[in-house]
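What follows is a single structure, written as structure tokens, with notes after it.
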Amino acid sequence: MSSHYHSLPTVEQLGTQHIAHPEVHADLDSEDPARSVMTDFRDQRPPVISENMDVGDARLRMKMADSALKLVVNGAGDCIGLVTLKDVLGRKAMARAYRMGMSLEDVNVRDIMQPIGQLPAIDIRALKDARVGDLVSTFNKAHAEHMLVVDRQSQDPALAGLRGLISASHITRRLKVSLDSRARATSFSEIVNAVQGRFD
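Read in my numbering, the sequence shown has 40 at position 30, and its numbers run on one by one without any break.
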């Protein structure tokens with residue numbers, strides 16, 4: 011080992027310690043950068059689940075991990091869809107089992123996932139100068155809960171492909187819009203009102 015390295019001083023006999031928490035984000039504004047609400051997979055490893063996992067195991071794994079959603083991957087590790095905790099807990103799995111004439115235990119994640127081809131996606135370069143208000147308009151038009159962010163032009167294979175995710179619920183929480191109200195809405199009208207400063 012090089013001689014210019016030196017040992018660092020240690021703190022002796024720690025008592026009970028408060029655990030630091032992630033920085034609490036300030037409330038969003040419609041003019042804030044759109045990238046501020048994107049989960050960048052380059053910085054944060056995405057939660058994934060196998061397409062072949064049965065719904066029961068998926069439900070248990072997601073609840074134990076306190077994860078509201080997971081990207082569904084195939085045997086090669088490529089994303090083929092998205093599944094939410096609501097999907098595995100709700101009627102979707104039971105309805106799928108009924109339609110396929112099988113028991114609930116035989117339903118796999120791929121049977122109830124949202125296929126990647128049905129999810130709205132935007133290129134990461136479109137976010138460069140975009141604002142939160144632009145995302146709200148995009149979600150309102152797409153009528154979706156999640157939006158994929160892709161990078162199709164990167165020369166680095168490690169960065170090309172699926173780059174990140176934007177969650178509507180993340181935006182609503184930071185805009186202080188009631189999730190219950192949003193769940194009853196057929197569109198993102200509440201979010202639009204919040205961005206424009208109108209609250210019922």
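C-beta: ideal position from N, C-alpha, C; glycine also.
Remember, predicted model here, so these are calculated numbers, not experimental data.
Proximal residues to residue i (C-beta, below 7 angstroms), its chain only, five neighbours per side dropped
| i | result |
| --- | --- |
| Val58 | Lys80, Leu81, Val83 |
| Gln54 | none |
| Val21 | none |
| Pro43 | Arg141 |
| Ala30 | none |
| Glu115 | Asp64, Gly66 |
Proximal residues to residue i (C-beta, below 8 angstroms), its chain only, five neighbours per side dropped
| i | result |
| --- | --- |
| Ser113 | Ala107 |
| Lys73 | Leu95 |
| Ala75 | Pro57 |
| Leu189 | At Leu189 the pLDDT is 34, less than 50, meaning the model places this residue with poor confidence and gives no usable figure here. |
Beta-carbon spacing of residue i, residue j below 8 angstroms
| i | j | result |
| --- | --- | --- |
| Val93 | Met123 | yes |
| Gly87 | Ile126 | no |
| Leu185 | Arg45 | no |
| Ser60 | Val98 | no |
| Met110 | Ala131 | no |
| Thr49 | Gly171 | no |
| Leu10 | Ile181 | With the chain covering only 11 through 210, there is no way to say anything about residue 10. |
| Val47 | Ile176 | yes |
Contacts around residue i, its chain only, beta-carbon distance under 6 angstroms, and the 5 residues preceding and following it disregarded
| i | result |
| --- | --- |
| Val117 | Val65, Ala103, Arg106, Ala107 |
| Ser77 | Pro57 |
| Ala178 | Phe149, Glu155 |
| Ser164 | Ala170 |
Distance, residue j Cα to residue i Cα
| i | j | result |
| --- | --- | --- |
| Lys234 | Ala68 | Any property of residue 234 remains undetermined from this structure, which presents the chain solely from 11 to 210. |
| Val146 | His14 | 53 angstroms |
| Gly100 | Asp121 | 14 angstroms |
| Leu129 | Asp139 | 23 angstroms |
| Arg52 | Gly143 | 24 angstroms |
| Arg162 | Leu70 | 35 angstroms |
| Gln27 | Cys89 | 40 angstroms |
| Gly85 | Asn62 | 9 angstroms |
Supposed close pair residue i, residue j - CB separation, criterion 8 angstroms
| i | j | result |
| --- | --- | --- |
| Arg141 | Ser17 | Wrong, their Cβ atoms sit about 48 angstroms apart, outside the cutoff. |
- Item | Complete alpha helix (DSSP H) runs within the stretch 88-174 (minimum length 4 residues, chain order) | 95-99, 101-110, 119-122, 142-152
- Task: Could I get the ranges of all uninterrupted alpha helix (DSSP H) runs contained in the stretch 33-75, with 4 residues as the minimum, in chain order?
- Result: 65-74
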